[in-house]
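Participant: Residue numbers (the numbering used here), protein chains in the order written: chain A, 1 to 398; chain B, 1001 to 1452. Here a beta-carbon is modelled for each residue, glycine too, at the ideal position from N, C-alpha and C. It should be emphasised that the depicted structure is a prediction, and the values quoted were computed from it without experimental measurement. Dropping the structure in here first, questions after.
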């Protein structure tokens, strides 16, 4: 019954939060970075979790598995839907490459920094494991478009090219890191006694199952189901994909990403599916934040130092990545290295990667890695708008 | 074009989908999970299998005019521990959370279907049908079990007091109907009209009446088993109070929904979902608190509460249509999972011993319902089509019946261990035949597919 109550509280807060955060409140620019990204729901999750009311303890979260799978699957599928080849073709090619280069460079720099510095802090030694490093690095590469959307209104006219570039990067930079993380995920050891095998076997099994699922989706969509049946089919496919991926040792998030990618490029029902996914975007995002908050560990206190290291590493990665892109690629406007500061907002895909990692490793590196990234997310959302203001609102030097 | 017509065009596609699901289930689903991550994955896999498998089975069976909910139940039986065992008992238990959600939403929908302006003029037929059906089904079933006890191995060796108590309980449970199934069929057939309203009215009133009478039946059975013990009238009064409180709280919840809707806030569906969970939580909390502080559990019935809320919103505000539209957003996945889980939960092993008597009770009950409806319609008068087909709408039994049989197991375990498997078999038969009969009745009266 505690599970029921927890689910009630989550749903109520999601609902209330959706209206409160996204509809009703008018706040200043600086606090918008904290407020409108839904960060308060990380804290609500923390209050509901074992650090607060303990409504969302480990057992309850386990019992709410279908809900977390739905949220993760939704995040993956929405991300996959952004990669519609026909639309990508209309994009300027340098922008696409800039997003890929920026994401990869940021991932590499963050991975290196985390590997070198995080084990220096007492209690964070286990974060040097390849799985945790890759998860953190992949999450670091993902950028939130929220801050850019907020700043764009006033600065659009003056810095149109720069904003367009940043928007494209924010939309696409998480894809390659997600796939790299997913490949690494298949290599992570499974629990003793598991019949699924890690590595190439997991990849093959997951790939074959995903192939069957895609055929299955195509079969169901072939009857052109009405909206109510389409909802059921999409829900069913998301949880089936997540379950199949978990059982075969593949990443559920990446599996749903691939499903979304294939659907958007092959299905005639893509618009209807996208509208459905989009209609629950905000409540689903807040649910994701609540789950993350509930799993957030505040100890050891060195986690906060780790969070700052991660933030600095990520910032360096973003700045260097964009700098490298501007040097290597024929971008329409030669932008300074400081433009990378505008990519500090932590993207939802990155948070979804960390939720998946924390759910897979609930007793070891998961909570620690989550503690690092959530601390960094709060810091990033505090400082991010300031950086954006610095880039877009400051008068150019004569 | 209706949903039913759409699905009729694609039997091959649904068969192909089932074949792919079967391949997935036998390959991926057969991987034994180890560790919490894979166990969580197996639950998700099972849930996905249920959603898509039951959907495909129901649409495939719709080709031969079998209602969707019968399809869901059959899919549940096939997927469950007594079928292909893709769902084991622990998974079924893990997915039980869905039941609480489903019962609340079905209650809201049932209440919203009852429009007072449409019920005007139907009070007499509803009252008479309820009265005759309760009494005829109760007495015919009870009488049959008492008279035929020596013929069945299930009852042959029981002492006469046990046979009497068993007969009284089985008779009482035979009088129940299933509002959930009725709503699911009405929703599936998009039925609307006087016949639909009347049958739904009867099912709802019957449900309330049987819950109230159940207290009296328990007292009667206990006095048969233990003639020396004092009659526990307090329990009867408490039960009556519980029903009144459930409906009253439902009206209060309905008023909250009206206030919410009046503020023009969107996403009512999410609010209703949270409300349904709040109802379940309140019921649980009240039961625990009353047990602890008053020494007796005070149980709020979530189905009745939500039914009251739906009724209140529909009849006391202008938001009835908006309310209904929001609930219907969830209707398909909720009905599908509820009835698939119900199918998977059916313990078919007990059928091996109880089925001969259960099948006879099924037939006697159906005859009782037929007679009761003939009598009621003859007295009131009305369209011949209605009087001829009404009985078919009341065959289905489901959650309420099983729930009450579990109460008997707790309160009178000596008889409960006999009643529960017997009733499970009767419910299984009624669950499979009832939706089909109800659908046929709606089609014959011309009210299927008449809702917008």
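Among B:1339, B:1445, B:1153, B:1447, whose alpha-carbon lies nearest the alpha-carbon of residue 1397 (chain B)?
Facilitator: The shortest Cα separation from residue 1397 (chain B) among B:1339, B:1445, B:1153, B:1447 belongs to B:1339.
Participant: Check whether the stretch 1348-1363 of chain B touches the stretch 1151-1169 of chain B, counting contact only when three or more Cβ pairs, one atom from each stretch, lie closer than 8 Å.
Facilitator: Yes: the two stretches touch, three or more of their Cβ pairs being nearer than 8 Å.
Participant: Below 8 Å between beta carbons: does that hold for residue 1166 (chain B) and residue 1415 (chain B)?
Facilitator: It is a contact, given that the beta carbons lie within the stated cut-off.
Participant: So residue 356 (chain A) is in the alpha helix (DSSP H); what residue range does that whole segment cover?
Facilitator: Here the alpha helix (DSSP H) through residue 356 (chain A) covers 348-360.
Participant: Mind checking if residue 244 (chain A) is an interface residue toward chain B, Cβ cutoff 8 Å exclusive?
Facilitator: Judged by the 8 Å Cβ criterion, residue 244 (chain A) is in contact with chain B.
Participant: Taking any Cβ of chain A, which residues in the stretch 1388-1409 of chain B have a Cβ under 7 Å from it, in chain order?
Facilitator: Within the stretch 1388-1409 of chain B, no residue qualifies.
Participant: In terms of DSSP beta bridges, what is residue 143 (chain A) paired with?
Facilitator: The partner list for residue 143 (chain A) (beta bridge, DSSP) reads A:346.
Participant: Between the stretch 1031-1041 of chain B and the stretch 1309-1323 of chain B, do at least 3 Cβ pairs fall closer than 8 Å?
Facilitator: Judged by Cβ distances under 8 Å, the stretch 1031-1041 of chain B makes no contact with the stretch 1309-1323 of chain B, as fewer than three pairs qualify.
Participant: I'd like to know whether the C-beta atoms of residue 1137 (chain B) and residue 1191 (chain B) end up nearer to each other than 8 Å.
Facilitator: Result no, Cβ atoms of residue 1137 (chain B) and residue 1191 (chain B) do not sit closer than 8 Å.
Participant: Excluding the 5 residues preceding and the 5 following residue 1436 (chain B) in the sequence, name in chain order all residues of the same chain whose CB lies nearer than 7 Å to its CB.
Facilitator: Excluding sequence neighbours, residue 1436 (chain B) sits near 1066, 1067, 1070.
Participant: Can you give me the C-alpha to C-alpha distance between residue 185 (chain A) and residue 284 (chain A), rounded to a whole angstrom?
Facilitator: In a straight line, the C-alpha of residue 185 (chain A) is about 24 Å away from that of residue 284 (chain A).
Participant: Would you list, in chain order, the members of the stretch 206-226 of chain A that have their beta-carbon closer than 9 Å to a beta-carbon of chain B?
Facilitator: Listed by position, the residues of the stretch 206-226 of chain A near chain B (Cβ gap below 9 Å) are 208, 209, 212, 213, 215, 216, 219, 220, 222, 223, 224, 225, 226.
Participant: So residue 213 (chain A) and residue 230 (chain A) are in contact, right, with Cβ under 8 Å, and what is the actual spacing, rounded?
Facilitator: Actually they do not touch by this definition, with Cβ atoms about 16 Å apart.
Participant: Kindly list, in the order they appear in chain B, the residues whose Cβ is closer than 9 Å to that of residue 372 (chain A).
Facilitator: Correct list: empty, because the minimum Cβ distance to chain B is about 21 Å.
Participant: Would you give the residue range spanned by the alpha helix (DSSP H) that residue 1094 (chain B) belongs to?
Facilitator: Run containing residue 1094 (chain B): 1089-1094, per the alpha helix (DSSP H) assignment.
Participant: Closer than 8 Å is the cut-off here; do at least three beta carbon pairs connect the stretch 1044-1054 of chain B with the stretch 264-272 of chain A?
Facilitator: Because the criterion of three Cβ pairs below 8 Å is not met, the stretch 1044-1054 of chain B and the stretch 264-272 of chain A do not touch.
Participant: Helix, strand or coil: how does DSSP classify residue 224 (chain A) here?
Facilitator: Coil.
Participant: Against chain A, does residue 1017 (chain B) count as a neighbour if the rule is that its beta carbon must be under 8 Å from one of theirs?
Facilitator: Closer than 8 Å to some Cβ of chain A, the Cβ of residue 1017 (chain B) qualifies, so yes.
Participant: When you compare only the Cα positions, how much space is there between residue 297 (chain A) and residue 171 (chain A)?
Facilitator: Residue 297 (chain A) and residue 171 (chain A): Cα-Cα distance of roughly 29 Å.
Participant: Could you tell me if residue 161 (chain A) is buried or exposed, where buried requires 16 or more neighbouring beta carbons within 10 angstroms of its beta carbon?
Facilitator: Residue 161 (chain A) is exposed by the Cβ-count criterion.
Participant: Report the neighbours of residue 66 (chain A) on chain B: residues whose CB is nearer than 7 Å to its CB, in chain order.
Facilitator: Chain B residues near residue 66 (chain A): 1043, 1044, 1047.
Participant: Could you tell me the distance, in whole angstroms, from the CA atom of residue 1348 (chain B) to the CA atom of residue 1425 (chain B)?
Facilitator: For residue 1348 (chain B) and residue 1425 (chain B), the distance between alpha carbons rounds to 8 Å.
Participant: Terminal residues of the continuous alpha helix (DSSP H) containing residue 257 (chain A)?
Facilitator: 252-266 is the extent of the alpha helix (DSSP H) around residue 257 (chain A).
Participant: Measuring only between beta-carbons, confirm whether residue 49 (chain A) sits less than 8 Å from chain B.
Facilitator: False, the Cβ-Cβ gap to chain B never drops below 8 Å.
Participant: Taking DSSP as the reference, what is the three-state secondary structure of residue 83 (chain A)?
Facilitator: Coil at residue 83 (chain A), not helix or strand.
Participant: I need the DSSP call for residue 51 (chain A), collapsed to helix, strand or coil.
Facilitator: Of the three classes helix, strand and coil, the one that applies to residue 51 (chain A) here is coil, per DSSP.
Participant: Should residue 220 (chain A) go down as buried or exposed, given a rule of 16 or more other Cβ atoms within 10 Å for buried?
Facilitator: Its Cβ being crowded by 16 or more others within 10 Å, residue 220 (chain A) is buried.
Participant: Using CA atoms only, rank isn't needed, just tell me which of A:45, A:72, A:50, A:43 is closest to residue 348 (chain A).
Facilitator: That would be A:72, whose Cα lies nearest to the Cα of residue 348 (chain A).
Participant: Can you list, in chain order, the stretches of the alpha helix (DSSP H) that have 4 or more residues and sit fully within the stretch 1315-1392 of chain B?
Facilitator: You should have 1320-1345, 1351-1380, 1384-1389.
Participant: For residue 1134 (chain B), which three-state DSSP category applies?
Facilitator: Residue 1134 (chain B) falls in the helix class under three-state DSSP.
Participant: Return the first residue and the last residue of the alpha helix (DSSP H) that residue 318 (chain A) is part of.
Facilitator: Where residue 318 (chain A) is concerned, the enclosing alpha helix (DSSP H) stretches over 302-328.
Participant: Starting from residue 94 (chain A), trace the alpha helix (DSSP H) in both directions and tell me its first and last residue.
Facilitator: Where residue 94 (chain A) is concerned, the enclosing alpha helix (DSSP H) stretches over 93-117.
Participant: What in chain B is Cβ-close to residue 229 (chain A), meaning under 7 Å?
Facilitator: In chain order: 1332.
Participant: Would the stretch 1371-1388 of chain B count as touching the stretch 1126-1136 of chain B if we require 3 or more Cβ pairs under 8 Å?
Facilitator: Yes: at least three Cβ pairs fall under 8 Å.
Participant: I need the straight-line Cα distance from residue 54 (chain A) to residue 1144 (chain B), nearest angstrom please.
Facilitator: Cα to Cα, the separation comes out at about 54 Å.
Participant: Below 8 Å on the Cβ atoms is my contact criterion, and I expect residue 105 (chain A) with residue 313 (chain A) to pass it. Report the Cβ-Cβ distance as a whole number of Å.
Facilitator: About 12 Å; that fails the 8 Å criterion.
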